[in-house]
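Trainee: Those letters in the sequence shown? Residues 827 to 1032, per our numbering, in order.
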Amino acid sequence: MRTQRPHRLLLSLVLLAAAFSPLHPTSAAADDGGDADFIRTSCNTTLYPDVCFTSLSRYANAVQQSPGQLARVAIAVSLSRAHHAASYVSNLTREADYGGRRRAALALHDCFSNLGDAVNEIRGSLKQMRQIGAAGSGAGSFLFQMSNVQTWMSAALTDEETCTDGFQDVADCPVKTDVCDRVNSIKKFTSNALALVNSYANKGMP
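(1) Below 7 Å between beta carbons: does that hold for M979 and S951?
(2) Using the Cα positions of E986 and R928, report the straight-line distance between them to the nearest angstrom.
(3) Assign A997 to one of three DSSP states: helix, strand, or coil.
(4) Could you tell me which of Q895, L934, C937 sits nearest to S1025, measuring between CA atoms?
(5) By Cβ distance below 7 Å, which residues in the same chain neighbour G992 in space, the five residues on each side in sequence not counted?
(6) Check each candidate in A886, L969, E947 and name the one with the smallest Cα separation from A1027.
(7) Should R920 go down as buried or exposed, given a rule of 16 or more other Cβ atoms within 10 Å for buried?
(8) Use the C-beta contact count for T872: other C-beta atoms within 10 angstroms, 16 or more gives buried, fewer gives exposed.
(9) For M955, count the other beta carbons within 10 Å of its own beta carbon; 16 or more makes it buried, fewer makes it exposed. Which is it?
(10) How is R1008 classed by DSSP in three states: helix, strand or coil?
(11) With DSSP collapsed to three states, give me the class of M1031.
(12) So what does DSSP say about I948, is it helix, strand or coil?
(13) Below 8 Å CB to CB, which residues in the same chain sit around S973 once its five sequence neighbours on both sides are set aside?
(14) On the criterion of 16 or more Cβ atoms from any shown chain inside 10 Å, does Q971 qualify as buried, or is it exposed?
(15) CB V915 to CB S881, shorter than 7 Å?
(16) With 16 other CB atoms within 10 Å as the buried threshold, where does K1013 fall?
(17) Just checking my contact of C989 with A930 at CB under 8 Å: how many whole Å lie between their CB atoms?
(18) Nearest CA to the CA of A897: which residue from K1002, V1005, I948, A911?
(19) State the DSSP-derived secondary structure class of T1016, mapped to helix, strand or coil.
(20) Go ahead and pull the three-state DSSP assignment for R928.
(21) Please classify K1034 as buried or exposed, where buried requires at least 16 neighbouring CB atoms within 10 angstroms.
(22) Kindly give me the distance between the Cβ atoms of A944 and A908, rounded to whole angstroms, as I take these residues to be in contact under 8 Å.
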């Protein structure tokens, strides 16, 4: 069962992320190479650089070597992934065959709650990023706003980890494998977004 297509949702999320021109995903080869090189170099500071570059390089023309834009796009990608995972797990809680495994059912319901919290936290980060650099904002305001973003993205990553941790005592079954594989993938996007947020915050200015 599918909800809104991931690509369309991602575009709408990124358009809400900041006041820049509508994004038009392009391949790295379509730009002059400098923007894509900037993304690759930035992604090399993350734990999952290949995942980072593959997911963000298509937005090179929107990022334009801006650490702030890159962080915003990374958060939007993370939000899209988390949103779809939460929707998927929500469907599983209604349709999955647990084979009488009560522990698996409880872990799945807890995971759905965790992912819902993660989505809210990532969404809050995205909204906060929109306010950075607003007229009248100084260095102190920037650091405060970035602290909020770092806190919420860290909390989102913790919630995603809590989801998979909840399956540790569950006997191996298709539901466990499916959910853990999906959420472990999402963690990589959230981790990468947090790393790019931290890099942007360390620059000390919008």
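A virtual CB, placed ideally from N, CA and C, is assigned to each residue, including glycine.
Mentor: According to the data block:
(1) On the sequence shown, position 153 is the one that residue 979 refers to. On the sequence shown, position 125 is the one that residue 951 refers to. It is a contact, given that the beta carbons lie within the stated cut-off.
(2) As a first step, residue 986 must be located in the sequence shown, where it is residue number 160. As a first step, residue 928 must be located in the sequence shown, where it is residue number 102. Answer to the nearest angstrom: the Cα atoms are 21 Å apart.
(3) One-based indexing of the sequence shown puts residue 997 at position 171. Three-state result, A997: coil.
(4) As a first step, residue 1025 must be located in the sequence shown, where it is residue number 199. Checked all of Q895, L934, C937; the closest Cα to S1025 is Q895.
(5) Here residue 992 is taken as the residue at index 166 of the sequence shown, counted from 1. Same-chain partners within the cutoff: A933, D936, C937.
(6) The sequence position of residue 1027 within the sequence shown is 201, counting from 1. Closest option to A1027, Cα to Cα, is L969.
(7) Here the question's residue 920 lines up with position 94 in the sequence shown. Classification for R920: exposed.
(8) The count along the sequence shown starts at 1 and reaches residue 872 at position 46. Buried.
(9) The count along the sequence shown starts at 1 and reaches residue 955 at position 129. Burial call: buried.
(10) The residue labelled residue 1008 in the question sits at position 182 within the sequence shown. Three-state DSSP puts R1008 in a helix.
(11) Numbered from 1 along the sequence shown, position 205 holds the residue referred to as residue 1031. Note: M1031 maps to coil in three-state DSSP.
(12) The sequence position of residue 948 within the sequence shown is 122, counting from 1. Looking at I948 - three-state DSSP - the assignment turns out to be helix.
(13) Stepping through the sequence shown from its first residue, residue 973 is reached at position 147. Counting only Cβ-Cβ distances below 8 Å, and skipping sequence neighbours, we find A1027.
(14) Counted from its first residue, the sequence shown places residue 971 at position 145. That one is buried.
(15) Sequence index remark: in the sequence shown, residue 915 carries index 89 (1-based). Sequence index remark: in the sequence shown, residue 881 carries index 55 (1-based). Cβ distance not < 7 Å, so V915 and S881 don't count as in contact.
(16) Indexing the sequence shown from 1 puts residue 1013 at position 187. Buried: at least 16 other Cβ atoms inside 10 Å.
(17) Position 163 of the sequence shown, counted from the first residue, corresponds to residue 989. Position 104 of the sequence shown, counted from the first residue, corresponds to residue 930. Not really, about 13 Å apart at Cβ, beyond 8 Å.
(18) Counting from 1 along the sequence shown, the entry for residue 897 is found at position 71. A897 has its Cα closest to that of I948, out of K1002, V1005, I948, A911.
(19) Position 190 of the sequence shown, counting from 1, holds the residue named residue 1016. If DSSP states are grouped into helix, strand and coil, T1016 belongs with the helices.
(20) Along the sequence shown, one-based indexing puts residue 928 at 102. In this structure, R928 counts as helix in the three-state DSSP scheme.
(21) Because the chain here runs from 827 to 1032, residue 1034 falls outside it and cannot be looked at.
(22) In the sequence shown, counting from the first residue as 1, residue 944 sits at position 118. In the sequence shown, counting from the first residue as 1, residue 908 sits at position 82. With 8 Å as the limit, A944 and A908 qualify as a contact, their Cβ atoms being about 5 Å apart.
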